[in-house]
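Chemist: In our numbering, the protein residues as written are 14 to 202. For reference, the structure I am asking about is given below.
Now the structure itself:
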């Protein structure tokens with residue numbers, strides 16, 4: 014079923030039509046450069062869309078501990094990597110772009126619904142995914158395409174930035190494990 018998570022009537026109708034056991038929320042605007050050009054798209058999808066899903070889950074499930082709202086987020090909510098080169102689940106939030114700010118906001122809304130309405134949730138903050146069928150605007154396909162076409166490779170900053178990468182199949186495995194075995198109201202990197 015295709016639809017827009019910003020459309021609350023559509024989302025509510027889905028929750029009424031289907032007796033979901035849980036939600037694995039992966040819908041997001043995710044391209045940092047586009048978030049700088051048009052932050053409102055990111056606020057609408059990443060914040061308003063998440064709240065629409067949370068409201069529908071809260072209204073349909075109440076605080077049923079047999080249901081689960083799983084929010085897939087990003088490690089970019091933590092800001093720039095420090096000297097250690099990695100983030101922990103208790104690393105303070107320090108978003109640096111409209112994209113990471115919108116994801117940090119959606120993380121906070123998920124926790125707020127857990128605290129305020131006892132909605133069972135988990136959150137995972139993953140690093141950059143790569144794999145087949147990735148959008149060509151993303152770094153790895155962009156570099157591969159530019160190399161094939163003998164075009165320049167775009168370097169941001171001084172070229173010394175460090176990025177963490179996760180193959181999409183490994184991410185899928187992690188999502189499955191967290192959904193089935195994660196502790197309620199916890200966050201996982």
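The beta carbon of each residue, even a glycine, is placed where N, CA and C say it ideally should be. The model shown is predicted, which means the values in this text are computed figures rather than measured ones.
Rounded to whole angstroms, how far is the Cβ of residue 134 from the Cβ of residue 45, which I believe are closer than 8 angstroms?
Modeler: The Cβ separation is near 25 angstroms, so there is no contact.
Chemist: Report the residue from 123, 55 and 181 whose alpha carbon sits nearest the alpha carbon of residue 69.
Modeler: For residue 69, the nearest C-alpha among the options comes from 123.
Chemist: Return helix, strand or coil for residue 135, following the three-state DSSP convention.
Modeler: If DSSP states are grouped into helix, strand and coil, residue 135 belongs with the strands.
Chemist: Which of helix, strand or coil does DSSP assign to residue 200?
Modeler: It is a strand residue.
Chemist: Going along the chain, which residues of its own chain have a beta-carbon closer than 7 angstroms to the beta-carbon of residue 263, five neighbours each way excluded?
Modeler: Only positions 14 to 202 of the chain appear in this structure, which leaves residue 263 out of reach.
Chemist: Find out if the Cβ-Cβ distance for the pair residue 200, residue 102 is shorter than 8 angstroms.
Modeler: Contact flag set, yes.
Chemist: Could you check the C-alpha separation between residue 65 and residue 20 for me, to the nearest Å?
Modeler: Taking the straight line joining both Cα atoms gives about 8 angstroms.
Chemist: If you count every other CB in all the chains shown that lies within 10 Å of the CB of residue 74, and 16 or more means buried, which is it?
Modeler: Buried.
Chemist: On the criterion of 16 or more Cβ atoms from any shown chain inside 10 Å, does residue 83 qualify as buried, or is it exposed?
Modeler: Buried: at least 16 other Cβ atoms inside 10 Å.
Chemist: Are the stretch 159-166 and the stretch 189-199 touching by the rule of at least three beta carbon pairs closer than 8 angstroms?
Modeler: Counting Cβ pairs under 8 angstroms, fewer than three are found: no touch.
Chemist: Out of 190, 114 and 202, point me to the one whose CA is closest to residue 52's CA.
Modeler: With distances taken between Cα atoms, residue 52 lies closest to 114.
Chemist: What residue range is occupied by the uninterrupted alpha helix (DSSP H) comprising residue 14?
Modeler: Residue 14 -> no alpha helix (DSSP H), and no H or E assigned at all.
Chemist: I need the boundaries of the beta strand (DSSP E) containing residue 68, first residue and last residue.
Modeler: Counting along the chain, residue 68 falls outside any beta strand (DSSP E), though it belongs to the alpha helix (DSSP H) covering 62-74.
Chemist: If you draw a straight line from the alpha carbon of residue 178 to that of residue 172, how long is it in whole angstroms?
Modeler: Roughly 17 angstroms between the two C-alpha positions.
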